[in-house]
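J.: Residue numbers (my numbering): 4 to 355. From the three backbone atoms N, C-alpha and C, an ideal C-beta is built for every residue, glycine too. Take a look at the following structure, please.
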Amino acid sequence: MTSRANLSTFTPRSTSTSPALMQSATTTTIPSKSPASRSSTAPSARRISSTSRSYAQGGSGSAISRLAKSALSPGSSGETYVAYGMTQKLFQACSSQADYQVPQATQKGVPVPTTEAGEHLGVSDSWWYKEMYQWFPLEALLRLVYRKVTALFPAIIHDPPVLDAELESFTNSMCVFPPPELGLVPTFSTWSQITFLHMYLLTVRLRALPNRESFQTYSRHLIDHFSHNAEHRMDDLHDIGSRSIRNKYLKDLFVQWRGIIAAYDEGLIKGDAVLGAAVWRNLWKAEAVGPDGKELDWSRIALVVAYMRRVTAQLGRMEEADIVMELSGATGQESRIFGFSPLDRKMVEGMK
């Protein structure tokens, strides 16, 4: 088996880079397993740093929000530990969105299936993979029935706004069953691009930290967690035992990460068409046909654009510590930030 064929799509696809972004670039490294090796003493984040202790104690969401507003002394040597732990939780949430397995990797003598490009093919039940189900148009029918009932029996309708809200909730739950799936192929390359997309959404939010040094600390730890996880996957799932080859792939991935930041930034500023083009280049490799050989369904790209817009807005309304609590599952409830939402489909179809 040729190692380089397993991960054959590491050519950067997003190449536009602004001078400002280049100025803020950091150096990629393979992270150590402990943050103790870092000597950074950058000023701590006003809200994030002060929350790590209460996060570890499992406080409530509202308490976390209040504690997140307090501050540790600037320049605290503990910031690197805080950043390491919190970004580890954030990265795990990003990585899990398009996680995959390669069952043949643990079976002796069993060849791993590959794509036409020579990439190892995994298995996954994520909505980012498989084929997209057709949207079930139940809402229009239910609204028609509701209008007929209210017209025929106005006397028994005591509170239309309440009924409207109940109907909205019910139809939302019905109209997304089963959820859409985007038909991407579960490979290392696809996983890295989807993980980068979610890391980018968090990076946009981390830019709101009170100073540049804190943002650089947290963003550096975030990409370090990716590098460590990616190297582990190369070794365990794709049988790339050569460290020099893994390092080459990691360098290529870091170049892609810098290009992705520039491309998605441009899309957020210039509009959905530009953002959709960046999504198409990175997730669909700028191909006019899908993995099934059929013409690409552009509504899938529009759905990803709507997803990015919705998540960006949602993260912007939350305290940093609350984001960590929800994405890590510490609240005891399933996160409503990452993952498909009915709002994504409504944005695509122009529904309100």
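Under 8 angstroms by Cβ, that's how I've got Leu204 and Thr83 pegged, so tell me the actual separation to the nearest angstrom.
T.: Incorrect: roughly 23 angstroms between the Cβ atoms, too far for contact.
J.: Within 10 angstroms of the Cβ of Ile272, are there 16 or more other Cβ atoms? Answer buried if so, exposed if not.
T.: exposed
J.: Measuring only from the beta carbon, is Ile263 closer than 8 angstroms to any heavy atom that is part of the ligand ATP?
T.: Of the ligands one can find in the structure shown there are none, so the ligand ATP has no counterpart to examine.
J.: Apply the 10 Å Cβ neighbour rule to Asp227 and answer buried if 16 or more other Cβ atoms are within range, or exposed otherwise.
T.: Classification for Asp227: buried.
J.: Per DSSP, what kind of secondary structure is Glu269 in: helix, strand or coil?
T.: Glu269 carries a helical assignment under DSSP once its states are collapsed to helix, strand and coil.
J.: So Ala101 and Ile197 are in contact, right, with Cβ under 8 angstroms, and what is the actual spacing, rounded?
T.: 4 angstroms
J.: Express the C-alpha separation of Ser217 and Ala96 in angstroms, rounding to a whole number.
T.: 21 angstroms
J.: I believe Leu346 touches Arg320 by the beta-carbon criterion, under 8 angstroms. Please report the beta-carbon distance rounded to the nearest angstrom.
T.: At roughly 14 angstroms, the Cβ-Cβ gap does not stay under 8 angstroms, so Leu346 and Arg320 are not in contact.
J.: Which residue wins for smallest C-alpha separation from Val126, given the options Gly335, Leu209, Val105, Asp300?
T.: It is Val105 whose Cα lies nearest to the Cα of Val126.
J.: Verify whether the separation of the beta carbon atoms of Lys279 and Ala305 is less than 9 angstroms.
T.: One point to set straight first is that residue 279 is Gly, not Lys, in the sequence displayed. Yes, Cβ-Cβ distance for Gly279 and Ala305 is below 9 angstroms.
J.: Do the CB positions of Val307 and Leu286 come within less than 9 angstroms of each other?
T.: When the beta-carbon positions are compared, Val307 and Leu286 come within less than 9 angstroms of each other.
J.: If you follow the alpha helix (DSSP H) that Ala281 is part of, which residue opens it and which one closes it?
T.: 275 to 286
J.: Which term fits Glu290, buried or exposed, when burial requires 16 or more other beta carbons within 10 angstroms of its beta carbon?
T.: Glu290 should be labelled exposed.
J.: With DSSP collapsed to three states, give me the class of His201.
T.: helix
J.: What residue range is occupied by the uninterrupted alpha helix (DSSP H) comprising Arg215?
T.: 215 to 239
J.: Taking the DSSP output, what are the residues bridged to Leu256?
T.: Note: Leu256 sits in no beta bridge, so no partner.
J.: Compute the distance between the beta-carbons of Leu185 and Arg284, then report whether it is under 9 angstroms.
T.: no
J.: Would you mind working out which of Trp131, Thr117, Ala333 sits nearest His201, comparing C-alpha positions?
T.: Minimum Cα distance to His201 is reached at Trp131.
J.: Is the beta carbon of Ser192 less than 9 angstroms from the beta carbon of Glu122?
T.: A contact, by the Cβ cut-off of 9 angstroms.
J.: Tell me the rounded alpha-carbon separation between Val207 and Glu352.
T.: 26 angstroms
J.: By Cβ distance below 7 angstroms, which residues in the same chain neighbour Ser98 in space, the five residues on each side in sequence not counted?
T.: Thr198, Asn232
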